[in-house]
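S.K.:
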Amino acid sequence: MPESTTTPEHDDAAPLPEDHAARPEGHVARPEDVDTTPDTSVDISVEEVTDLPQGKMLEVDDVTLRFGGVTALDGVSFHINTGEILGLIGPNGAGKTTCFNVMTGVYQPTSGGVRFLGEPLGRRKKFAITKLGIARTFQNIRLFHNMTALENVLVGADAHHSSGIFSALLRLPRHRAEEEEGMDRAHELLKFMGLEKRANELARNLPYGDQRRLEIARALATNPKLLCLDEPAAGFNPAEKVKLMELIQSIRQQGYTVLLIEHDMRLVMGVTDRIVVLEFGKKIAEGLPAEIRDNPAVIAAYLGVDENAS
Amino acid sequence: MTAVSGFFHGIANRFRALPKWVRVVLLVLLALLVYLLPILNPPLITTTGSDFGAVLFLCALYSLVALGLNVVIGYAGLLDLGYIGFFAVGAFTVGVLGSSHAKLPLLLCIPLAMVATLVSGILLGAPTLRVRGDYLAIVTLGFGEIIRLALVNTDWLSGPRGISNIPTPPSFHLFDVPHVTWQGFTAYLDLENTTDFLTFSVTDSIPYYWLALTCVIIVLFLDKLMQNSRVGRAWEATREDEDAAELMGVPTFRFKLLAFATGAAIGGLSGSLFATKQQFINPDNFTIIYSVLFVAMVVVGGQGNRWGVIVAAVLLTWAPERFRFLADARFLLFGVLLIVLSVFRPQGLLPPRRTLRAKEADQEAPDTIDAEGVARA
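Residue numbers (this note's numbering), protein chains in the order written: chain A, 430 to 739; chain B, 3 to 379.
1. Going by C-alpha to C-alpha distance, which of B:Val218, B:Ser203, B:Ala331 sits closest to B:Trp309?
2. Listing by chain order, which chain B residues have their CB less than 7 Å from the CB of A:His604?
3. Where does B:Ala78 fall in DSSP's three states?
4. Along chain A, in chain order, which residues have C-beta atoms closer than 8 Å to that of B:Met228?
5. Tell me the DSSP bridge mates of B:Tyr190?
6. Go to A:Gly541, then tell me how far its beta strand (DSSP E) extends in each direction, as first and last residue.
7. Would you call the CB atoms of B:Leu252 and B:Leu71 closer than 8 Å?
8. So which of B:Leu106, B:Lys279, B:Phe177, B:Leu260 has the shortest CA-CA distance to B:Thr119?
9. Residues of chain A with CB closer than 9 Å to the CB of B:Ala239, please, in chain order.
10. Is there a C-beta anywhere in chain B that falls below 8 Å from the one on A:Lys525?
11. Opposite A:Glu711 in the DSSP bridges: which residues?
12. Checking the sheet assignment: what are the DSSP bridge partners for A:Ala564?
13. Is the shortest distance between the beta-carbon of A:Glu548 and the beta-carbons of chain B less than 8 Å?
14. From the DSSP output, in three-state form, read off A:Gly484 for me.
15. Can you have a look at B:Thr103 and say buried or exposed, based on whether 16 or more other CB atoms are within 10 angstroms of its CB?
16. Check for me: the alpha helix (DSSP H) holding A:Ser679 runs from which residue to which?
17. Can you tell which of B:Ser274, B:Met228, B:Ala78, B:Lys226 has the C-alpha that lies nearest to the C-alpha of B:Ile86?
18. When the Cα atoms are used, what is the spatial distance from A:Thr500 to A:Ala588?
19. For A:Ala628, which option in A:Pro653, A:Arg603, A:Leu583, A:Asp659 has the closest C-alpha, if you only look at C-alpha atoms?
20. For B:Ile75, is the classification buried or exposed, using 16 other Cβ atoms within 10 angstroms of its Cβ as the cut-off for buried?
21. In its own chain, which residues sit with a C-beta less than 6 Å from the C-beta of A:Gly455, not counting the 5 before and 5 after it?
22. To the nearest whole angstrom, what separates the beta carbons of A:Ile473 and A:Leu619, a pair I think is in contact under 8 Å?
23. Would you grab the beta carbon distance between B:Ala68 and B:Val311 for me? Rounded to a whole angstrom, and I think it's under 8 Å.
24. Does the Cβ-Cβ distance between B:Ser52 and B:Arg326 come in under 8 Å?
25. Count the other C-beta atoms from every protein chain shown that fall within 10 angstroms of the C-beta of B:Thr240, then say buried if there are 16 or more, exposed otherwise.
26. DSSP on A:Leu717, reduced to helix/strand/coil?
27. Can you name the residues that DSSP bridges to A:Gly524?
28. Quick one: residues in its chain with C-beta nearer than 8 Å to the C-beta of B:Thr170, no 5 flanking neighbours on either side, listed in chain order?
29. Any beta carbon from chain A within less than 8 Å of B:Arg132's own beta carbon?
30. Output yes if chain A places a C-beta closer than 8 Å to the C-beta of B:Pro253; else output no.
31. Is it true that the region 659-672 of chain A meets the region 687-696 of chain A, where meeting means three or more beta-carbon pairs spaced less than 8 Å apart?
32. Taking the alpha carbon of B:Ser2 as the reference point, which residue from B:Val30, B:Ser160, B:Phe288 has its own alpha carbon closest?
33. What residues in the region 551-562 of chain A have a beta carbon less than 9 Å from any beta carbon of chain B?
34. Give me, in chain order, the residues of the same chain whose beta-carbon lies closer than 6 Å to that of A:Arg544; leave out the 5 immediate sequence neighbours on both sides.
35. Mind listing, in chain order, the continuous alpha helix (DSSP H) runs of no fewer than 4 residues lying wholly within the region 29-113 of chain B?
36. Could you round the C-beta distance between B:Gly304 and B:Leu352 to whole angstroms and report it? I think they count as a contact, below 8 Å.
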């Protein structure tokens, strides 16, 4: 999905009004308020992720992507260090999601390339890139809606499993071991995300906020070295956004590297270690949050969008 | 209609609540009853116009077909309109290896037929599973016809004459089973009319029914193991959202191919059972109308529910035979029923639990959210 023509807030915010309407007056009941508080004390770290050497984890190297006459990405270069939270921000249509799509193999760049842990991604298939260690969530929630929350996470955990039809039919030890491992991992992640009590509900029946966090849980289940979150807080109110950012912080504390798309600049300032700013497919700034805040080009880009939007 | 499915799901829930040994005993008793159906000839159910054993054989055979197609359509979400092609490949492999070009015993022919259909499934799937939705339907539709036309036009395979003298399964005589006859609602043992356990011959379909039923039970069991595993989850995820599945590390193409090949192998098994029962096959047995009938079974039964598709397969096979006296009006009724079903129950007679839960959730959504909101406050 090329981002250039979509207006993400509308898609994402759509389920909200109903949600609110169904609740009693003056009470914005969010599942987070009561029984679904994330339990960040749960240990969700995995050795293959925490044992990574320091340094550049992912390098986007002069990536250009054209769709016919439209240049969605124009010579974009940046890198992500192991263990950091990198913010990727920019106004609508700047190419943030497109950039994600290049990194996760959805699009092949017209020129340039992406290196992950020193290895070029090349023409790897999407699932192969996930197995390599890049997992993502989606701007518009794309859960497996008719599967339960637990099953959704299990599918993610299956990414690092290998039992096929024969081990399933013969119930070989490998199948049993992997099922057990996947089950443990899934429950661990659901607990971490505060979704343990919703494990057996269908994904589509979950409240909006839970769906967002379920997507993160599903991505984490693949044991990603790099977790890419595409506007995970879209459609949230400010208080909820802050909570989510805290959650992302604690995910990082468990050893994960996070790439975060968010176009609310103030929000990103608080959580990210560094920020990359895109506008019209070009990188216009990169640096520490404080530097970005004072960067005239970034201010211009954001003010420009504000004018158009209102 | 909803009451029917509610009834079945009620039974299913109560059944699950029972202790394991009770469940096993009940299942064995049920299986025994089903095995004995053609012996018991229960009134009302028994077809009067045609041999009940033969009808039951077809019911079991088509149940097997429906189970196989359910893997492809129900689990993996791939619309296959040429399933008869695999059925034909299975039948003709048995014909060629068992009769026209070699004289292999049937018990060797059947696994070979399954391998042949598995391979044909992979050959068809490898290039075509890259296309999605409607395109796949068209390609498979073509495949079914290509197989039939190839059979008609290839003398080595049979040509329009077909293949006869297809081997039967090995027979051995143990004892005779007398049939039950009914005078009104009183049962009598008919000692004149017996089934030889276990001799496969043209005169008695019942041993073939037992064979097919055994295959159905084995496939049902394997189907359950398969669905409750990484493979089953991968299929379900692929059907739900192929792109998201791929990005969550599911090699969707490989799993779609696996579903196609598995479905094809089961189709091949049923084709070979058909061949040995008929002992004579020709390409006219494998017309496109059967592909449509098979898809109808899966859709009517409820895509993705193994018991649902079996119920539909049995109904759609048994009903036209039972109500044979209605002659051609049967097909009119069949059509009307299909339309009624698609209007009032598009998810099928016995939809899988997920569809059911989803539908309930849709209907009750405002209430539950309200209740939960209050509960939370």
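Where is the CB? At the ideal position from N, CA and C, for every residue including glycine. A quick note: this is a predicted structure, and the numbers were derived from the prediction, not measured.
M.R.: Checking against the coordinates, here is how it stands:
1. B:Val218
2. Ser231
3. coil
4. Ile594, Ala597, Leu598
5. B:Thr183
6. 540-545
7. The question names Leu, but residue 252 of chain B is Val in the sequence shown. No, these two residues do not count as a Cβ contact at 8 Å.
8. Its Cα nearest to that of B:Thr119, the residue B:Leu260 stands out among B:Leu106, B:Lys279, B:Phe177, B:Leu260.
9. Phe573, Met576, Glu580, Asn581, Val584, Asp587
10. no
11. For the sequence presented, residue 711 of chain A should be read as Lys rather than Glu. BP columns for A:Lys711 point to A:Glu708.
12. A:Leu656
13. So, not an interface residue.
14. coil
15. Looking at the sequence provided, one finds His at residue 103 of chain B rather than Thr. Result: exposed.
16. First-last of the alpha helix (DSSP H) with A:Ser679: 667-682.
17. Ranking B:Ser274, B:Met228, B:Ala78, B:Lys226 by CA distance to the CA of B:Ile86 puts B:Ser274 first.
18. Here the alpha carbons of A:Ala588 and A:Thr500 stand approximately 33 Å from one another.
19. A:Leu583
20. buried
21. Annotation note: pLDDT 39 at A:Gly455 (below 50); position unreliable, coordinate value reported separately. Correct list: empty, nothing qualifies.
22. A:Ile473 to A:Leu619, Cβ: 10 Å. No contact.
23. 4 Å
24. yes
25. buried
26. coil
27. None; A:Gly524 has no bridge partner.
28. Leu108, Phe202, Ser203, Thr278, Gln281
29. no
30. yes
31. yes
32. Outside the displayed range of chain B (3 to 379) lies residue 2 of chain B, so it cannot be described from this structure.
33. For the region 551-562 of chain A, residues whose beta-carbon sits nearer than 9 Å to a beta-carbon of chain B comprise Lys554, Lys555, Phe556, Ala557, Ile558, Thr559, Lys560.
34. Around A:Arg544, the same chain offers Glu488 as residues with beta carbons nearer than 6 Å, after the five sequence neighbours per side are excluded.
35. Complete alpha helix (DSSP H) runs here, min 4: 54-72, 85-97.
36. 4 Å
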